[in-house]
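Per the working numbering, the sequence shown starts with residue -8, numbered consecutively. Idealized CB from N, CA, C, for every residue including glycine. Report on one structure; see the data block that follows.
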Amino acid sequence: PRRGAGRSSGSSSSETPRRAPGRATGPKSDTPSSESPRRTDGYRPKRKPSATPSDGSRRAGGKPVPQKPAPPENPLEPIRLNRYIAQAGICSRRKADELILEGRVLLNGVVTTEMGVRVNPGDTVEVNGMRLTPRALDYFLLNKPGNVITTNQDEKGRSSVMDLLDIPEKEALHLYPVGRLDRHTLGVLLITNDGELAHRLMHPSYEINKLYVVRTAEAIKPNQLEQLLTGVMLDDGLARVDDARYVSPDSKHEIGIRLHEGRNRQIRRMLEMMGHEVEHLERVNYAGLTAEGVRRGKWRRLLPHEVKKLKRLVKLI
-8 PRRGAGRSSG
2 SSSSETPRRA
12 PGRATGPKSD
22 TPSSESPRRT
32 DGYRPKRKPS
42 ATPSDGSRRA
52 GGKPVPQKPA
62 PPENPLEPIR
72 LNRYIAQAGI
82 CSRRKADELI
92 LEGRVLLNGV
102 VTTEMGVRVN
112 PGDTVEVNGM
122 RLTPRALDYF
132 LLNKPGNVIT
142 TNQDEKGRSS
152 VMDLLDIPEK
162 EALHLYPVGR
172 LDRHTLGVLL
182 ITNDGELAHR
192 LMHPSYEINK
202 LYVVRTAEAI
212 KPNQLEQLLT
222 GVMLDDGLAR
232 VDDARYVSPD
242 SKHEIGIRLH
252 EGRNRQIRRM
262 LEMMGHEVEH
272 LERVNYAGLT
282 AEGVRRGKWR
292 RLLPHEVKKL
302 KRLVKLI
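Set out below in structure tokens:
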């Protein structure tokens, strides 16, 4: 029967007509009115995709929007003295405060112990008799290959990660890798000249997450996964990981490990202490950064939102 059959068109009733659950009443509209009452039954009208998404990462239809690399910070803007010193690669911002209080910093030839003083364009800053030069801050993500050491230069002449950055020598002068990956470990490596950011990312108090994929010659038993979590005694003390699990249920030779400690060759040493030979070790995530889209041995500059995320992680912003 038709809806409303048997109801008098001229009659009125104090009862509210029943409606199907989840169905809106009233005239249909392509665009919901901002004055309409809020729904309580979970119904949400479908919206047409916006031509400009809020995060700026994709166009309508799912196609990625190209993003420009993070522009180098302007070294000529007035900045706090301790930050100026940190950006020069001398030390962290906190250590710079100590140098200022100790009277070891000269601003325009005059000893200054005032905290919070700013350096303006044209000012000269000296620390322990050495004049500092302002520079732009750069951030690079490298997909490290094997048989390359993580250092600025090697006295034995071995290939280093800095050899893979094909940038002008003047720009690369103050760059250095954040943390270390041993010679045969692959994956994500951050390279920058931002001394304050690098110092905080490596400091254990900020507990920066690092995710690795490890493959061993022999199968890793479930109780050995538990042992990685509870701790393995090394020559420099008890070492443990934050998480360890099989990458695939079909193989016990490959596991994922998450940790925030940064001891030298920690994962290799832990597994070797348990009787395992590591055949492959790759860092697939560092502080939220991955090598997706970057071929082995290649690099890219960080995007603006990536730099902000790193600084937010270590409370610089």
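Q.
Based on DSSP bridge pairs, tell me the residues matched to HIS271.
A. According to DSSP, HIS271 bridges with ARG206.
Q. Which class does LEU180 belong to by DSSP, given the choice of helix, strand or coil?
A. For LEU180, the secondary structure class from DSSP, reduced to helix, strand or coil, is strand.
Q | Stretch pair the region 206 to 214 + the region 293 to 305: three plus CB contacts closer than 8 Å | A | No, because fewer than three Cβ pairs between the region 206 to 214 and the region 293 to 305 fall closer than 8 Å, the two stretches do not touch.
Q. Cα-Cα, which of GLU105, ALA282, ILE308 is closest to LEU132?
A. If we check each option's Cα against that of LEU132, ALA282 comes out closest.
Q. In the structure shown, what three-state DSSP assignment does SER242 receive?
A. Note: SER242 maps to strand in three-state DSSP.
(Q) Quick check: the Cα distance between ARG254 and GLY288, rounded to an integer number of angstroms? (A) About 24 Å.
Q: Can you give me the Cβ contacts of ALA163 inside the same chain, cut-off strictly under 8 Å, excluding the 5 residues immediately before and after it?
A: Answer for ALA163: MET153, LEU156, listed in chain order.
Q) In three-state terms, what does DSSP make of GLY52? A) In this predicted model, GLY52 has a pLDDT of only 49, less than 50, meaning its place in the structure is not dependable; the value taken from the coordinates is given anyway. Of the three classes helix, strand and coil, the one that applies to GLY52 here is coil, per DSSP.
Q: Just the C-alpha distance for HIS175 and LEU272, rounded to the nearest angstrom, thanks.
A: Between the alpha carbons of HIS175 and LEU272 lies a distance of about 8 Å.
Q. How would you call PRO240, buried or exposed, if buried means at least 16 neighbouring beta carbons within 10 angstroms?
A. PRO240 should be labelled exposed.
Q | Nearest-angstrom Cα separation, counted from MET193 out to ILE199 | A | When the Cα atoms are used, ILE199 and MET193 turn out to be separated by approximately 8 Å.
**Q.** Residue range of the unbroken beta strand (DSSP E) whose run includes ASN134
**A.** Per DSSP, ASN134 belongs to the beta strand (DSSP E) from 130 to 135.
Q: Please determine if the region 211 to 219 and the region 243 to 254 are in contact, where contact requires at least 3 C-beta pairs separated by less than 8 Å.
A: Flag = yes, the region 211 to 219 and the region 243 to 254 touch.
(Q) For the beta strand (DSSP E) containing GLY228, name the first residue and the last one. (A) Here the beta strand (DSSP E) through GLY228 covers 228 to 230.
Q: Would you mind sorting GLN144 into buried or exposed? The rule is 16 or more other CB atoms within 10 Å of its CB.
A: Its Cβ having fewer than 16 others within 10 Å, GLN144 is exposed.
Q: Measure the CB-CB distance between HIS190 and ARG126 and report whether it falls below 8 Å.
A: No, they are not a contact pair.
Q: Rounded to whole angstroms, what's the CA-CA distance from GLY228 to GLN257? Just pull it up for me.
A: Using only the alpha carbons, I get a separation of about 11 Å.
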